[in-house]
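Undergrad: My questions all concern the structure below.
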Amino acid sequence: MMHCKEPNPLVIQGPGGGTKDISLQCTKQIRDETEYIKKMRVTLQTLRMRMFGKNDGVNSQQGQDTKGLSQEGAEESDPEQSVAKLGVQHQQLLADVEARDTRLHAVRAENQELSLKLEATQQAGASAIKDVTRRFRSRMEVLEEQQAQERSNLQAFAEEQEQTLEQKMETLNRTMSQLQERQHRMGELERLIERMEKEKHELTERKQSVEEEMENRKTNVVGNRYKPTRAQDLLLETAILQEKISHLDNMVSYQQRNLFTEINTIEQLKMELAKQDRIIWSLNDRISDLEARNKVLKQQVHEVKSSQRQEDSSDDCSVGQDIVCAPPVPQQFSYTRPAHLRPRTALSSQRASAVTCPKPAVGTCQAIEPDSISTEI
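For this note's numbering, add 4 to where a residue sits in the sequence shown, where the first one is 1.
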């Protein structure tokens, strides 16, 4: 910028004898610089509006600019003051631009710092996601091991209970066979005792008739009617009958003791059957509990699979590149009870009706007590 120090006009003679007014040239230069400053001011104002908004002192600055422009016409008459004032304004504009540049550099530095923080936060988030994923995988592995262990324990327990149930069923069948055999034997003993009692009754009647005949012979001893040989025969027959009756009494007592033993054995077998029934029902209840737990496990696995299907993520195995695929859902425990080991209804009542002891047909066999059996006629 060129400043004119002399206020008075200067006239210079040219080579051809003409004159040239230097003050006119200075005035023209000042006007050009003023136009340039106006353009620079408008450009800076536009730049400030773009950078910091329209409301950041635009109205006040425009008022000042308008006021300054209105005063320029009056100041053109004093070129030196105008140049000085324009220089001051130019310095202010430069200072304002430098301040704006400083603020712009500060904002850029702050933006760079925020970018670094954002990048660090993203890295920390990715690290946290990886950490959570590792913990999730570890937890899933532990749960999978626990579920596998529980599944194997349940399977072993179910097989053990099944074997125990089969053994108890075999024992129950053997007990039923023994009970039927004992009942058959008891029936044979009852029929044998009945025949022996009948034979004893016949022998007793025969003995009584022989004794009556002997009494009649003793009371009617008259002349030749008494025959000693016949009396001896009757005595011998009476002795033989008494011996047979005694033998039958002993046999009846022995068979009654056997019958009592068989009845006690049958009662013990019935108690054993009831015990086996209780054990079998207990095993059936345990197996039913296992089946219920199996059903619950299947339901849980079904719910987990349903929740996985309803996820909105397009990639089911990862989130971005940080989350690894979750481990597969372990297979559920499956156990089905064999058909021959399933619970049967009214088991105890059916067996109780099947093992009821028949009543003895003979009156002497109804009270089966060894001490109450008499060997006398």
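Beta carbons are placed, not taken as given, at the ideal position from N, Cα and C, and that holds for glycine. Only a predicted model underlies this, so the values are computations on that prediction, with no experimental measurement involved.
Just the C-alpha distance for K134 and R141, rounded to the nearest angstrom, thanks.
TA: Approximately 10 Å, taken between the alpha carbons.
Undergrad: F56 to V308, Cα distance in whole Å?
TA: Looking at the two C-alpha atoms, the distance is approximately 55 Å.
Undergrad: Distance check for H94 and V46, CA to CA, integer angstroms please.
TA: Their Cα atoms are separated by approximately 13 Å.
Undergrad: Looking at K211: is its Cβ nearer than 7 Å to the Cβ of L245?
TA: The answer is yes: Cβ separation under 7 Å.
Undergrad: Can you name, in chain order, every residue of its own chain whose Cβ lies under 8 Å from the Cβ of G189, other than the five neighbours on each side?
TA: Reading the sequence as shown, one finds Arg at residue 189 and not Gly. Result list for R189: E266, in chain order.
Undergrad: Between N268, V87, N288, which has its C-alpha nearest D36's C-alpha?
TA: Of the listed residues, the one whose Cα sits closest to D36 is V87.
Undergrad: Quick one: grab the DSSP three-state call for D320.
TA: Note that D320 scores a pLDDT of 45, beneath 50, so its modelled location is shaky; the value from the coordinates is reported in the next line. Coil at D320, not helix or strand.
Undergrad: Counting pairs of beta carbons, one from the stretch 274-282 and one from the stretch 164-184, are three or more of them closer than 8 Å?
TA: Yes, they touch.
Undergrad: Apart from the five residues just before and just after R290, which ones in its own chain have a Cβ nearer than 7 Å to its Cβ?
TA: Taken in chain order, the residues that qualify are Q165.
Undergrad: Evaluate A110 with the Cβ neighbour count: other Cβ atoms within 10 Å of its Cβ, from every protein chain shown; 16 or more gives buried, anything less gives exposed.
TA: It counts as exposed.
Undergrad: Q85: beta carbon under 6 Å from a heavy atom of the ligand NAP?
TA: This structure lacks the ligand NAP, and indeed carries no ligand of any kind.
Undergrad: Tell me the rounded alpha-carbon separation between K274 and L183.
TA: Between K274 and L183, the C-alpha separation is close to 8 Å.
Undergrad: Run the CB neighbour count on A162, radius 10 Å, all protein chains shown included, and call it buried at 16 or more, exposed below.
TA: Buried.
Undergrad: Decide if the stretch 190-208 is in contact with the stretch 296-305; the criterion is three or more beta carbon pairs, one per stretch, under 8 Å apart.
TA: At 8 Å Cβ cutoff, the stretches do not touch.
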